[in-house]
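Numbers in our numbering are just positions in the sequence shown, counted from 1, shifted up by 3. Think of the CB as a built atom: it goes at the ideal place given N, C-alpha and C, for glycine as much as any other residue. Structure first, commentary second.
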Amino acid sequence: MSTHHTALVAVGHAGPSLLTRSLPAVVAPDPVPVVSGALVEYAPLDHAASTPALESVVRAVATATRTYSSVHRGTGWLSRVTSAHYEAARDEVARFVGARADDLVVLVRTTTEATNLLARALPPGTPVVVFDTEHHASLLPWPAAATHRLPVPASPEEALGRLGSTLAGLAGGPTPLVVVTGASNVTGELWPVERVVTVARRHGARVLLDAAQLVAHRPVDLTALDVDWVAFSGHKLHAPYGAGALVGRADWLDAAEPHLAGGGASAAVSADGVTWATGAARHEGGSPNVLGAVALAAACAALRTHRAAVEAHEARLGARLLEGLAGIPGVRVHSVFGADHPRVPVAAFTVDGLDSHLVAAALSAEHGIGVRAGKFCAHRLVDALLARDGDGAVTAVRASAGLATTDEHVERLLAAVAALAADGPGVEYVEEPGRGWVPADDPRDLDVPLPW
Ligand SMILES: Cc1ncc(COP(=O)(O)O)c(C=O)c1O
């Protein structure tokens, strides 16, 4: 285990207690139909896309709904309660990521919105250094002319070397921004964030940590890591109510144009012009998503409390997932830094001779397993990994475990992938425009009942 990994685990760790020995409960889905006509327990192996809600999150939202009213816009008692919920949620998010006292917590929708907000707040001419390994949310928002894209590295040392020489070449210019992910959304591998920060600081650069894939699995401490900003999404943190956060240094954000011009972002408007609000409000124009904020805070609180149990659960699942897939003849597991590099419980793999979309379709239709196939909004990385060792594959399958995944789900996946690799799908599939691979003969009623 690298020092980077150890430090991330140790920082902000809730000490052992009765609570931390148990996993927080997630909302359990109803059984799902498979192509045989049976109903089976759903095997959620797509946590890297979106995570099921925690029961405590749903409860918190239900409670806050009872007093729901306007935020910062009313004098009624319920407005006071709701405004207090919103600001307390902000405080909980700050605590969750170890924010410094003067950091801003801007409540946004998603990581994508957070990175775009920071991109628009960069002082003119700010050079941005980013690896091709990034999710498009962290790869694309930056001004093209000032962006330095570094190729997918083969080792942390290569990454740090390239980063150092690129930053050295920017010496004397405006303060650069380094954008780095905490954990890859494709391979789950942990980036050496502390070492990236050390190199960045040596060259006077700032750092944005894309923690979208990290916060559900590992503690993140902005202060201890000495990172300038962190971005993450509630829907990847068991809080799928439309809120995420950008947390970090105030100066660039305070100097920037408001993210959304309008009410809330403006302090005063007269015939002469507008005075924009300062602090987080400047970038939270419009009525805030208070229930999303409550959900996000409830998830942060639960994850902080149960960290030790979550990590133990996921370490076991992740190890079995990786070792099991790697042991199946005809299956290739892809990685940036190598099979032994520390990671969250995510695996990207290909099955020789089978389209990854067909593999994912068969896992769902025949086994009730939810995974994802494709390039996972990280085209540069997936193309590079498959060019390295993909044996002609152009897309991959990603299995990502988490709180809602059990040992049985992982074993079911491994058995299903082994059967697919050995014998192909168990039923016939056809590729249909707009729908992808579907069973040629499907007895299921595919109409989804609407929840309202
Ligand atoms: C590493 C990483 N960054 C950013 C994002 C974008 O997150 P969102 O879709 O919530 O904006 C994702 C989503 O998959 C991700 O995995």
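Residues in the same chain with beta-carbon distance under 7 Å from residue i, minus the five sequence neighbours each way, listed in chain order, please.
| i | result |
| --- | --- |
| G295 | G237, Y244, G245 and A246 |
| V200 | V210, L228, D229 and V230 |
| V362 | V354, A376, V400 and L423 |
| S141 | T118, V133, V182, T184 and D213 |
| E122 | According to the sequence provided, residue 122 is Ala. The question's Glu does not apply to it. Only P144 and W145 meet the Cβ criterion. |
| A264 | G288 |
| T114 | A140, D213, A215, A234, F235, S236 and G247 |
| T178 | T129, G207, A208 and R209 |
| A284 | G267 and A268 |
| S53 | H238, K239 and P243 |
| F340 | S158, P159 and E192 |
| T70 | L81, V84 and T85 |
Let me make sure I understand the geometry here. Which of the options has the alpha-carbon closest to that of residue i?
| i | options | result |
| --- | --- | --- |
| V30 | P55, E44, V37 and P47 | P55 |
| L180 | V189, H206 and R165 | H206 |
| T353 | G377, V339 and A368 | G377 |
| P27 | D444, A302 and R447 | A302 |
| V84 | V189, T66, F99 and A264 | T66 |
| R252 | A234, V132 and P442 | A234 |
| D358 | V441, G371 and R346 | V441 |
| A215 | D410, T308, E314 and S187 | S187 |
| R438 | V420, A364 and G427 | A364 |
| H360 | H370, V374 and A174 | V374 |
| A203 | A46, T169, L263 and G429 | T169 |
| E44 | S367, A421, V74 and L388 | S367 |
| V60 | A396, L389 and V297 | V297 |
| H75 | A87, T308 and R69 | A87 |
| S25 | D394, E314, S73 and W232 | E314 |
| T136 | E116, P127 and A157 | A157 |
| V100 | F379, H220, I331 and A329 | H220 |
| A394 | L110, R335 and A318 | The sequence given here places Asp at residue 394; Ala does not occur at that position. Out of L110, R335 and A318, R335 has the C-alpha closest to the C-alpha of D394. |
| R415 | L48, P332, G330 and D426 | L48 |
| R391 | I331, P154 and R198 | P154 |
| F379 | V37, A51, A46 and L42 | A51 |
| S3 | A311, A174 and L389 | The displayed coordinates of the chain run from 4 to 455. Any statement about residue 3 would go beyond what the structure contains. |
Tell me whether residue i is buried or exposed, calling it buried when 16 or more other Cβ atoms sit within 10 Å of its Cβ.
| i | result |
| --- | --- |
| L449 | exposed |
| P19 | Per-residue confidence for P19 stands at a pLDDT of 41, beneath the threshold of 50, marking its modelled position as unreliable; no derived number is given. |
| P348 | buried |
| H382 | exposed |
| E435 | exposed |
| V433 | exposed |
| W80 | exposed |
| A258 | exposed |
| G282 | exposed |
| A147 | exposed |
| L453 | exposed |
| S403 | buried |
| V451 | exposed |
| V272 | exposed |
| T6 | Only weak support exists for where T6 lies, its pLDDT of 34 falling under 50; the coordinates are left without a value. |
| A104 | exposed |
| T398 | buried |
| P428 | buried |
| G405 | buried |
| R310 | buried |
| E317 | buried |
Report the CB separation of residue i from residue j in whole angstroms; it is logged as a contact under 8 Å.
| i | j | result |
| --- | --- | --- |
| V64 | L299 | Not confirmed; about 10 Å, so no contact. |
| G185 | D213 | 7 Å |
| L240 | V218 | 6 Å |
| T408 | L320 | 6 Å |
| G371 | V35 | 5 Å |
| W279 | P261 | 5 Å |
| V189 | A387 | V189 to A387, Cβ: 10 Å. No contact. |
| R93 | L110 | 7 Å |
| R323 | V413 | 5 Å |
Under 6 Å Cβ to Cβ from residue i, same chain only, skipping five residues before and after it: list those, please.
| i | result |
| --- | --- |
| A417 | The sequence given here places Leu at residue 417; Ala does not occur at that position. If we look at L417 and ignore the five residues flanking it on each side, its Cβ neighbours are G327. |
| L512 | Because residue 512 is not part of the residues shown, which for the chain are 4 to 455, the question remains open. |
| P446 | G40 |
| A443 | E431 and V433 |
| A162 | P156 |
| G167 | V202 |
| K329 | The identity of residue 329 in the sequence shown is Ala, whereas the question assumes Lys. Excluding sequence neighbours, A329 sits near V336. |
Closer than 8 Å by C-beta to residue i: which residues in its own chain qualify, once you throw out the five before and the five after it? Chain order, please.
| i | result |
| --- | --- |
| W455 | none |
| E58 | P27, A28, V29 and V30 |
| T226 | G101, A102 and R103 |
| P126 | P177, T178, W255 and A258 |
Problem set entry | Continuous alpha helix (DSSP H) assignments of at least 4 residues falling wholly in the stretch 21-69 | 58-69
Problem set entry | Minimum length 4: unbroken alpha helix (DSSP H) runs contained in the stretch 214-270 | 225-228 and 254-258
Problem set entry | 4-residue-minimum alpha helix (DSSP H) runs that sit fully inside the stretch 281-352, ordered along the chain | 293-329
Problem set entry | Within the stretch 140-217, ranges of the beta strand (DSSP E) (whole runs, at least 3 residues) | 150-153, 180-184 and 209-213
For this session: Would you list, in sequence order, the uninterrupted beta strand (DSSP E) runs of no fewer than 3 residues that lie entirely inside the stretch 405-441?
Result: 432-435
For this session: List in chain order: all unbroken alpha helix (DSSP H) runs of 4+ residues lying wholly within the stretch 103-132.
Result: 114-124
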